[in-house]
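Residue numbers (our numbering): 671 to 867. Okay, so here's the structure we're looking at.
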């Protein structure tokens, strides 16, 4: 471009604008798109409305912030992960939304539970862990053999079941031990112990 060149002409509004108002476009000789950024946004909005789709208006976003359409909140860049594929250099989801999205995706993949089904399970339990009856349930317990979801437990109770490897006999002995019914195996022969009945 020469020094005398004043800008580029937008083929939509037919006005000349500074080059910074145009996005890059490799297919054109000038290396810029035919429409100015705002003209292109207006064109896309009109096409979406013609299809009967709702188009959200632009929300004011202060510098150093980004708006997430999913949670409709404007959050500072400190709450976003860097995103190489995004035009502004930040990920599409803020950290809280990404965590929730990953959690829901995991429950759907591993247990076949939608978010509303998981909430329904917790409501049916009265909002507490069914084993300790005090903590908030947040870990899905399932039968490792069949994969069937049983209930939602707190972290401690779910970890305890995992440590016992879902063996009822080991759990009964642990319960008896905690209740003070300490048992001792009887030595019958060298290396052979008999457990109390």
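Glycine residues also receive a C-beta, built at the ideal position from the N, C-alpha and C atoms. These numbers come from a predicted model, not from an experiment.
Contacting residues, own chain, Cβ-Cβ under 7 Å from residue i (five flanking each side not counted)
i	result
residue 687	677, 678, 680 and 706
residue 804	798
Cutoff 8 Å; reference residue i; Cβ partners in own chain excluding five residues on either side
i	result
residue 692	678, 680, 702, 703, 705, 706 and 707
residue 818	812
residue 713	682 and 705
Exposure of residue i, with buried meaning 16 or more beta-carbon neighbours within 10 Å
i	result
residue 822	buried
residue 758	exposed
residue 851	exposed
residue 799	buried
residue 802	exposed
residue 865	exposed
Boundaries (first-last residue) of the beta strand (DSSP E) holding residue i
i	result
residue 857	856-859
residue 821	819-823
residue 737	735-738
residue 745	743-746
residue 769	Not the beta strand (DSSP E): residue 769 falls in the alpha helix (DSSP H), residues 765-781.
Contact under 8 Å by Cβ, residue i with residue j
i	j	result
residue 855	residue 847	no
residue 808	residue 825	yes
residue 736	residue 745	yes
residue 749	residue 764	yes
residue 752	residue 760	yes
is_contact[residue i, chain C] using C-beta, thresh 8 Å
i	result
residue 754	Reference to chain C is not applicable here, since this structure consists of a single protein chain.
Run of the alpha helix (DSSP H) containing residue i, from where it starts to where it stops
i	result
residue 789	785-794
residue 718	707-720
Close beta carbons around residue i, own chain, < 6 Å, minus the five adjacent residues each side
i	result
residue 672	Note on residue 672: pLDDT 41, under 50, position unreliable in the model; no value is reported.
residue 731	737 and 744
Determine contact between the stretch 766-779 and the stretch 728-745, defined as no fewer than three beta-carbon pairs at a distance below 8 Å. These segments touch.
Flag this pair as touching only if the stretch 774-781 and the stretch 793-807 have three or more C-beta atom pairs under 8 Å; answer yes or no. Judged by Cβ distances under 8 Å, the stretch 774-781 makes no contact with the stretch 793-807, as fewer than three pairs qualify.
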